[in-house]
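> Residue numbers (this note's numbering): -16 to 481.
Cβ coordinates follow ideal geometry from the N, Cα and C atoms, glycine included.
The structure is given below, and queries will be raised subsequently.
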Amino acid sequence: MSKKLSLLGLILMVFTSVYGFANIPTAFYLMGYSAIPWYLISAITFFIPFAFMMAEFGAAYKKSEGGIYTWMSDSVGPRFAFIGTFMWFSSYVIWMVSVASKVWIPLSTFIFGADRTQNLSILGLSSTQSIGLLALLWMFVVTFFASKGIEKISKVTSIGGVAVTSLNLVLLISSIIIFILNGGKLAQPINDFSAFTNSPNPNYLSTLAVLSFVVFAIFAYGGLEAIGGLVDQTENAERNFPKGITISAIIISIGYSLGIFLCGIFINWTSALSAETTNLGNITYVLMYNLGLEFGNAFNLSAGTADLVGTWFARVTGLSMFFAYTGAFFTLIYAPLKTIIKGTPKYLWPSKLSETNRIGMPVNAMWVQFSIVAFIILLTSFGGEGASSFFNKLTLMTNVSMTLPYIFLGIAYPMFKKNEQIEKPFEIFKSYSSALFASILVILVVGFANFFTIIQPMIDGDYNSTIWMIAGPIFFSILALLILTRSRKKSHEHKNIA
């Protein structure tokens, strides 16, 4: 029997899967201090009520391996549950394709002090093809070790959680030291309250641009539902699972807002972040380099020494981000797959896919998942511009699909509360009216975010992107219905699936 997750292990797993340190530099880069109110609003209206809902679901189904599928199936019905779960799983497959390539950027920053992936060449191949081969290697190694069991996964995610925590401590301690040594001066001054309402970024002053940032803030809290599938692996699940989710939600909400404020202590937007070379891909390393640089300057070190300190801050950030990506990858390579394969009825899949090894891991399904991801990686890396365009379309298709299951869960939650046959050992929303209010709030916030994500490109004249984003949920829903129809024909004894 494999070892269960402790409360601390669960908190680190949630923290690693949900909390993205890179969201802090990105938020400051886009909106400055004015990102803080939107992060708090998003936490209050979406993340915290959604986290409490997931905690109640998780505690009620502590012995279930099905995660969100079981929750929605019992509350609404199997068809509704399967479409929502399949859409959610498909979006994580595309996430893995993207991150398997991205993970080499922080590693390159650690080794070389800067991102060299654009100039990488293995065996005379182009940089895109070389990164594709490395992404393939990454998927193989992670799949191999993850298939060895939850203990291996929790060890890696714990390292990832510690790495992200360490980055936040570096940001917190270094910023405070700089603040004290600079006599309480902020690099990004706060002259009045407008600093928290107006962005220093000229591209984020219009209402439409600010609303697009609200979408980003909401999405920064995504990923919590993936942990719901691990409730059966948690030690003392009835007590520890809801407790771990609640603690994580509060820490993450405060952590994002505090982190954004700290950035203003050591970096001025106009002088340091307005350069053409700064972009969303490298902002984390630019910002942390500047933290190290200002840390050196605060101690009156020579220009060369301060620059070296900045470079090492960037290197350490690269290593920490590499571990954070690794931790998230190890969790998400297993949790969504476990939900879709082990949680849904076995007759939906070929029997080989449902088989588990001696430690309970769906190893065959994990290697099929590897094959799908590997195929898309090879296609996009070696297929030329057409394949690149294909991947961009895939990404657009999953943008909305990744968050739509939150609406599915929001719809299922009041029905879950009303179903007296389901034992509920842990309840935050005691009355049905408070549960309904939380559910409607989450549905409206996520619905608004998705609606605006879809129409924004159209407003800018990019009708193509809008069409592909609408096509995503439709495509995944049809694919899910085809799987259901096929299994209904093969298994007449399971007529309830229809």
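Short of 6 Å in beta carbon distance, which residues of its chain neighbour Phe482, apart from the five on each side in sequence? Order them along the chain.
Residue 482 lies beyond the stretch modelled for the chain, which goes from -16 to 481, so this question has no answer here.
> Using the Cα positions of Thr148 and Ser414, report the straight-line distance between them to the nearest angstrom.
Here residue 148 refers to the residue found at position 165 of the sequence shown. Here residue 414 refers to the residue found at position 431 of the sequence shown. Roughly 36 Å separates the two Cα atoms.
> In the DSSP assignment, find the alpha helix (DSSP H) that holds Glu277 and state where it starts and stops.
Taking the sequence shown and counting its residues from 1, one reaches residue 277 at position 294. Per DSSP, Glu277 belongs to the alpha helix (DSSP H) from Ile266 to Ala281.
> Shortest alpha-carbon distance to Tyr12 belongs to which of Met385, Gln171, Gly227 and Tyr75?
Within the sequence shown, numbered from 1, the residue matching residue 12 stands at position 29. The shortest C-alpha separation from Tyr12 is found at Gln171.
> Which same chain residues end up closer than 6 Å to Thr53 when comparing Cβ atoms and leaving out the 5 residues on each side of it in sequence?
In the sequence shown, counting from the first residue as 1, residue 53 sits at position 70. Closer than 6 Å at Cβ, skipping near neighbours: Tyr44, Ser47 and Gly326.
> On the three-state DSSP scale, how would you describe Leu(-12)?
To locate residue -12, count along the sequence shown from 1; it is residue 5. Of the three classes helix, strand and coil, the one that applies to Leu(-12) here is strand, per DSSP.
> Would DSSP call Thr229 helix, strand or coil?
Counting from 1 along the sequence shown, the entry for residue 229 is found at position 246. Three-state DSSP puts Thr229 in a helix.
> For the alpha helix (DSSP H) containing Tyr396, list its first residue and its last residue.
Sequence index remark: in the sequence shown, residue 396 carries index 413 (1-based). Here the alpha helix (DSSP H) through Tyr396 covers Leu387 to Lys401.
> Mind checking who Thr217 pairs with in its DSSP beta bridge?
Translated into the one-based positions of the sequence shown, residue 217 becomes position 234. Looking at the DSSP assignment, Thr217 forms a beta bridge with Leu(-12).
> Indicate whether Tyr268 and Thr294 have their beta-carbon atoms separated by less than 8 Å.
The sequence position of residue 268 within the sequence shown is 285, counting from 1. The sequence position of residue 294 within the sequence shown is 311, counting from 1. It is not a contact, given that the beta carbons lie outside the stated cut-off.
> Since Thr322 and Gly49 should fall inside the 8 Å C-beta cutoff, what is the C-beta to C-beta distance between them, to a whole number of angstroms?
Here residue 322 corresponds to residue number 339 of the sequence shown, with the count starting at 1. Here residue 49 corresponds to residue number 66 of the sequence shown, with the count starting at 1. Yes, Thr322 and Gly49 are in contact; Cβ-Cβ is about 6 Å, under 8 Å.
> Check whether the Cβ atoms of Ile(-6) and Gly227 sit closer than 8 Å, and answer yes or no.
Here residue -6 is taken as the residue at index 11 of the sequence shown, counted from 1. Here residue 227 is taken as the residue at index 244 of the sequence shown, counted from 1. It is a contact, given that the beta carbons lie within the stated cut-off.
> So, helix, strand or coil for Asn102, using DSSP?
In the sequence shown, residue 102 corresponds to position 119, counting from 1. Residue state, collapsed to three classes: helix.
> Given this structure, state the Cα-to-Cα distance separating Phe244 from Leu(-12), to the nearest angstrom.
The residue you call residue 244 lines up with position 261 of the sequence shown. The residue you call residue -12 lines up with position 5 of the sequence shown. Their Cα atoms are separated by approximately 33 Å.
> Nearest to Gly(-8) by alpha carbon, out of Thr217, Pro61 and Tyr22?
Translated into positions along the sequence shown, residue -8 becomes position 9. For Gly(-8), the nearest C-alpha among the options comes from Thr217.
> CB-CB under 8 Å to Ser130, same chain, minus the five flanking residues each way: which ones, in chain order?
Here residue 130 corresponds to residue number 147 of the sequence shown, with the count starting at 1. Same-chain partners within the cutoff: Asn340, Met344, Val346, Met349 and Trp350.
> How many Å lie between Lys407 and Val197 at the Cα?
Here residue 407 corresponds to residue number 424 of the sequence shown, with the count starting at 1. Here residue 197 corresponds to residue number 214 of the sequence shown, with the count starting at 1. One C-alpha to the other measures close to 33 Å.
> Please work out which residues of its chain come closer than 7 Å, Cβ to Cβ, to Gly3, disregarding the five sequence neighbours upstream and downstream, and give them in chain order.
Start at 1 with the first residue of the sequence shown, and residue 3 comes out as number 20. Contacts found: Ala203.
> Quick check on the burial criterion: 16 or more other C-beta atoms within 10 angstroms. Buried or exposed for Pro89?
Your numbering for residue 89 matches position 106 in the sequence shown. By the neighbour-count rule (16 or more Cβ atoms within 10 Å), Pro89 is buried.
> Could you check where the alpha helix (DSSP H) with Pro8 kicks off and where it finishes?
On the sequence shown, residue 8 is found 25 positions in, with the first residue counted as 1. Start and end: Asn6 to Met14.
> Less than 8 Å between the CB atoms is what I'm expecting for Phe(-2) and Ser158, so what's the real figure, rounded?
Taking the first residue of the sequence shown as position 1, residue -2 is located at position 15. Taking the first residue of the sequence shown as position 1, residue 158 is located at position 175. Between Phe(-2) and Ser158 a beta carbon distance of about 20 Å is seen, past the 8 Å cut, so the two are scored as non-contacting.
> Just to confirm, is the Cβ distance from Ser422 to Pro397 under 8 Å?
Walking along the sequence shown from the start, residue 422 turns up at place 439. Walking along the sequence shown from the start, residue 397 turns up at place 414. Closer than 8 Å, so yes.
> What runs of the alpha helix (DSSP H), each 4 residues or longer, lie entirely inside the segment 63 to 122?
Fully enclosed alpha helix (DSSP H) runs of 4 or longer: 87 to 95.
> Taking the alpha carbon of Asn219 as the point to measure from, which residue in Leu(-10), Ala307 and Leu274 has its own alpha carbon closest?
What you label residue 219 is simply residue 236 of the sequence shown in a count that begins at 1. Comparing Cα-Cα distances from Asn219 to each of Leu(-10), Ala307 and Leu274, the minimum goes to Leu(-10).
> Rounding to the nearest angstrom, what Cα-Cα distance links Thr229 and Ile31 in this structure?
As a first step, residue 229 must be located in the sequence shown, where it is residue number 246. As a first step, residue 31 must be located in the sequence shown, where it is residue number 48. If you take the alpha carbons of Thr229 and Ile31, they lie about 8 Å apart.
> If you draw a straight line from the C-alpha of Tyr187 to the C-alpha of Ser254, how long is it?
Along the sequence shown, read from residue 1 onward, the residue named residue 187 stands at position 204. Along the sequence shown, read from residue 1 onward, the residue named residue 254 stands at position 271. Near 17 Å, if we compare the C-alpha coordinates of Ser254 and Tyr187.
> For Leu462, tell me which candidate among Ala38, Phe72 and Ala26 has the shortest Cα-Cα distance.
For the purposes of this step, residue 462 is identified with residue 479 of the sequence shown, where counting begins at 1. Considering only alpha carbons, the answer is Phe72.
> Please return the same chain residues whose Cβ sits closer than 6 Å to the Cβ of Ser460, not counting the five positions on each side in sequence.
Taking the first residue of the sequence shown as 1, we reach residue 460 at position 477. For Ser460, where only same-chain residues beyond five positions count, the Cβ hits under 6 Å are Ile66.
> Count the other C-beta atoms from every protein chain shown that fall within 10 angstroms of the C-beta of Arg469, then say buried if there are 16 or more, exposed otherwise.
Translated into positions along the sequence shown, residue 469 becomes position 486. Under this definition Arg469 is an exposed residue.
> Buried or exposed: where does Leu270 fall if 16 or more other Cβ atoms within 10 Å of its Cβ makes it buried?
The residue labelled residue 270 in the question sits at position 287 within the sequence shown. It counts as buried.
> Have a look at Trp121 and Phe162 and give me their C-alpha separation to the nearest angstrom.
Your numbering for residue 121 matches position 138 in the sequence shown. Your numbering for residue 162 matches position 179 in the sequence shown. One C-alpha to the other measures close to 40 Å.
> Using the beta-carbon count (16 or more within 10 Å), is Thr314 buried or exposed?
Counting from 1 along the sequence shown, the entry for residue 314 is found at position 331. Per the 10 Å Cβ criterion, buried.
> Please work out which residues of its chain come closer than 6 Å, Cβ to Cβ, to Ser84, disregarding the five sequence neighbours upstream and downstream, and give them in chain order.
Translated into the one-based positions of the sequence shown, residue 84 becomes position 101. Once the five neighbours on either side are set aside, the close Cβ partners of Ser84 are Ile114 and Ala118.
> Rounded to whole angstroms, what's the CA-CA distance from Ala146 to Gly279? Just pull it up for me.
Counted from its first residue, the sequence shown places residue 146 at position 163. Counted from its first residue, the sequence shown places residue 279 at position 296. So the alpha carbons of these two residues sit roughly 23 Å apart.
> Jot down the residue ranges of each uninterrupted alpha helix (DSSP H) in the segment 37 to 63, minimum 4 residues, whole runs only, in chain order.
51 to 58
> Is Gly3 near the ligand ZN, in the sense that its beta carbon is under 7 Å from a heavy atom of that ligand?
This structure does not include the ligand ZN; it has no bound ligands of any sort.
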